[in-house]
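This report concerns only the one structure given below.
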Amino acid sequence: MKLLCDHMLGSLARWLRFMGYDTAYPEAVGDRELLMIARAEDRVLLTRDKELAARAPGAIRIRSDVLEEQVREVAASLPLRLVDPLSRCSLCNTPLVAATPEEVQDLVPEDVRAKHAEFWRCPGCGKAYWRGTHWDKMIERLNRLDLSKA
Ligand SMILES: [Zn+2]
Numbered sequence: 176m177k178l179l180c181d182h183m184l185g186s187l188a189r190w191l192r193f194m195g196y197d198t199a200y201p202e203a204v205g206d207r208e209l210l211m212i213a214r215a216e217d218r219v220l221l222t223r224d225k226e227l228a229a230r231a232p233g234a235i236r237i238r239s240d241v242l243e244e245q246v247r248e249v250a251a252s253l254p255l256r257l258v259d260p261l262s263r264c265s266l267c268n269t270p271l272v273a274a275t276p277e278e279v280q281d282l283v284p285e286d287v288r289a290k291h292a293e294f295w296r297c298p299g300c301g302k303a304y305w306r307g308t309h310w311d312k313m314i315e316r317l318n319r320l321d322l323s324k325a
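Residue numbers for the sequence shown follow this note's numbering, so the first one is 176 and each next one is one higher.
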């Protein structure tokens, strides 16, 4: 399942990527282009735009401004779950690769490197990832959402 977020849904796009979903989030592009991307790449369009949602088959209209609610809105239509956290870059959607502490030496603070053994790196934008406090908080927020009951 591949997703496409419109320009109003940047935070949602980052969350969906965190969960492991291939989520495109193009720069501000017109409706026509969004529809083209959805069709060409076989992506489910998530949009705040009611009229646009009506024009794209299978699109999901997002009504809420609140991130947690937006995730629920998607989960109401798609079988959303935590697929594989830390498999994609939250910033650019590129699949992450495992990295050694040495490889992320310049990207990760020393105290973090001392505490963690597993790291990931984005080959697209270079960002480093690890299961730190941010990761814990994301997982906690997702668990609180209890998507199985959405
Ligand atoms: Zn990246």
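Glycine is no exception: its CB is placed at the ideal position from the N, C-alpha and C atoms. Since the structure is predicted, the reported quantities are computational estimates derived from the model, not experimental observations.
Can you name the start and end residues of the beta strand (DSSP E) that residue i belongs to?
{"i": "A199", "result": "197-199"}
{"i": "A273", "result": "272-274"}
{"i": "K177", "result": "177-180"}
Using the Cα positions of residue i and residue j, report the straight-line distance between them to the nearest angstrom.
{"i": "W190", "j": "S265", "result": "7 Å"}
{"i": "C267", "j": "L320", "result": "25 Å"}
{"i": "P276", "j": "G233", "result": "43 Å"}
{"i": "G195", "j": "D217", "result": "17 Å"}
{"i": "A213", "j": "A188", "result": "15 Å"}
{"i": "L242", "j": "R288", "result": "31 Å"}
{"i": "A250", "j": "L322", "result": "7 Å"}
{"i": "H291", "j": "H182", "result": "35 Å"}
{"i": "L253", "j": "V246", "result": "10 Å"}
Since residue i is in the alpha helix (DSSP H), which residue starts that stretch and which ends it?
{"i": "L191", "result": "185-194"}
{"i": "W310", "result": "308-320"}
{"i": "V279", "result": "Here V279 belongs to no alpha helix (DSSP H), and DSSP marks it neither H nor E."}
{"i": "R256", "result": "Segment: none, R256 is in no alpha helix (DSSP H) and carries neither H nor E."}
Taking its Cβ as the centre, do 16 or more other Cβ atoms sit within 10 Å of residue i, making it buried, or is it exposed?
{"i": "T308", "result": "exposed"}
{"i": "R263", "result": "buried"}
{"i": "A274", "result": "buried"}
{"i": "M313", "result": "buried"}
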